[in-house]
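Reviewing the structure listed below.
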Amino acid sequence: MKTTKKHTIKNTIILSTILLLGLGCIVKKDKEAAVSLKEAFKDKFHIGAALSANHINNQSQPSMGVLNTHFNSIVAENNMKSGMIQLREGEFNFDMADKFIAYGEANDMHIVGHTLIWHSQAPRWFFTDNDGNQVTPEVLTQRMKDHIHTVVGRYKGKVKGWDVVNEAILDDGSWRKSKFYEILGEDFMKLAFQFAHEADPDAELYYNDFSMANPGKREGVVKMVKNLQAQGIKIDGIGMQGHIGLEYPTIDEFEKSILAYSDLGVTVMITELDLSVLPSPRRDMGADVATNVEYQQSLNPYTDGLPDDVQKKFDERYMAFFKLFLDHHDKISRVTLWGINDGDSWKNGWPVRGRTDYPLLFNRDNTPKSVVNDIIELAAKY
């Protein structure tokens, strides 16, 4: 076939277009590989994720690639809690915790220990003797000391910071009437921090709780921390669990708490961050794991994905909170998501079992949601 000038020009245009498209794909791929959440926040705060037993045992799954690309801090969702590590007195099982720590060290992660003292998953033997009677303050004190010294001591120099006590203050600012409180009174808080400091003097020590934007809880936590400080007890940070919804808490109240806790001279951390899009059986339920609600279809409306209007609200809400975190990045040392992708989230089963929720920044197939790039672009402005 005779080649005309017209054909030559046409072929040149086609070839140029193919080359440009190919180059564009390479540039796009390189851009995606180069820009991550952890790089976006590297001069602001650590960005973390919680690891489940599934993550720890199956370290080759795709979601771990997301973890290593986008996150630089890890916390064990359940596997370092007292009921998991010391189910029976004196019998410590460190298999999962050791794997978690080893993974963090191998991948140069900032490692957080969660949690030493928590009423919800403490083994029953902690509080009773062989006859089933409640133990004396002296016995509980010794058991706390033995547990904390053993666990913190094992990971001395490896865990950067510990959630020493979890969820000890109620929303009205009063003390939760847990067994720790019932037997030891307020002193259990002081003792827990004291024992943790003895076991690893260089580790940071934190108090962690939900509904921390609630004014009553804010007042109670501030009072508790001031009391510890007045006794010379080391406390380095306060974890504000970020179990948020589309309507609550308000940005204003959350900001007030960041400022109030920072004014105590401690670092503030946003922990356990997830954004539920599902209707709540009642407003502002916090994260009390003892709460369970019977399944109702009306409470599980998005089994096949989110409608556009709900997705828009989700994106706007995450952007508003990350803007708040960036506005106060000088006060915040870490922001940790409670899982890696939506399939990991405990919100699929709480407070209503069997629901489908979408609370994290990565989809169930590990692809980033569109808001991830928006957050990265927002961070670049600070």
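The UniProt record's numbering numbers the first residue of the sequence shown as 1 and each following residue consecutively. Virtual Cβ for every residue (Gly too), placed ideally from N, Cα, C.
query, result
"Tell me which same chain residues have a C-beta within less than 6 Å of the C-beta of residue 383, skipping the five on either side of it?", "The structure shown has nothing for residue 383, since the chain only spans 1 to 382."
"Can you round the beta-carbon distance between Gly242 and Ala199 to whole angstroms, since I take them to be within the 8 Å contact cut?", "Not really, about 28 Å apart at Cβ, beyond 8 Å."
"For Lys81, count the other beta carbons within 10 Å of its own beta carbon; 16 or more makes it buried, fewer makes it exposed. Which is it?", "buried"
"On the three-state DSSP scale, how would you describe Asn373?", "helix"
"Hey, how far is the Cα of Val266 from the Cα of Val159?", "18 Å"
"Under 8 Å by Cβ, that's how I've got Ile340 and Ala49 pegged, so tell me the actual separation to the nearest angstrom.", "5 Å"
"What does Ala50 pair with, by DSSP beta-bridge criteria?", "Val75"
"Asp309 to Pro359, Cα distance in whole Å?", "16 Å"
"Looking at Gln229 and His147, is the spacing between their C-beta atoms short of 8 Å?", "no"
"For Val268, report the span of its beta strand (DSSP E) as first-last.", "267-276"
"Cutting at 7 Å between CB atoms, please list the residues of its own chain near Gln134, excluding the five before and the five after it.", "Phe127, Thr128, Ile183"
"Excluding five sequence neighbours on each side, which residues of the same chain lie with their C-beta closer than 6 Å to the C-beta of Arg176?", "Ala168, Leu170"
"If we ignore side chains and look at the alpha-carbon of each, how far apart do Ser276 and Ala102 end up?", "31 Å"
"List the residues that DSSP assigns as beta-bridge partners of Trp125.", "According to DSSP, which records beta bridges pairwise, Trp125 is partnered with nothing at all."
"Is there contact here, the region 214-227 with the region 245-264, by at least three beta-carbon pairs under 8 Å?", "yes"
"Would a C-beta distance cut-off of 8 Å place Leu378 and Lys369 closer than the cut-off?", "no"
"Which two residues bound the contiguous alpha helix (DSSP H) that contains Val151?", "137-154"
"Judging by CA-CA distance, which residue of Phe188, Lys190, Gln231, Lys323 is the nearest neighbour of Asp252?", "Lys323"
"Which class does Ala355 belong to by DSSP, given the choice of helix, strand or coil?", "Correcting the residue identity first, residue 355 is Arg in this sequence and not Ala. Residue state, collapsed to three classes: coil."
"For Leu273 and Tyr155, I'd like the C-alpha separation in whole angstroms.", "25 Å"
"Could you pull out every residue in the same chain whose Cβ sits closer than 8 Å to the Cβ of Val27, ignoring the five residues on either side in sequence?", "For Val27, the predicted structure reports a pLDDT of 37, less than 50, and the residue's modelled location is therefore unreliable. The matter cannot be settled from this model."
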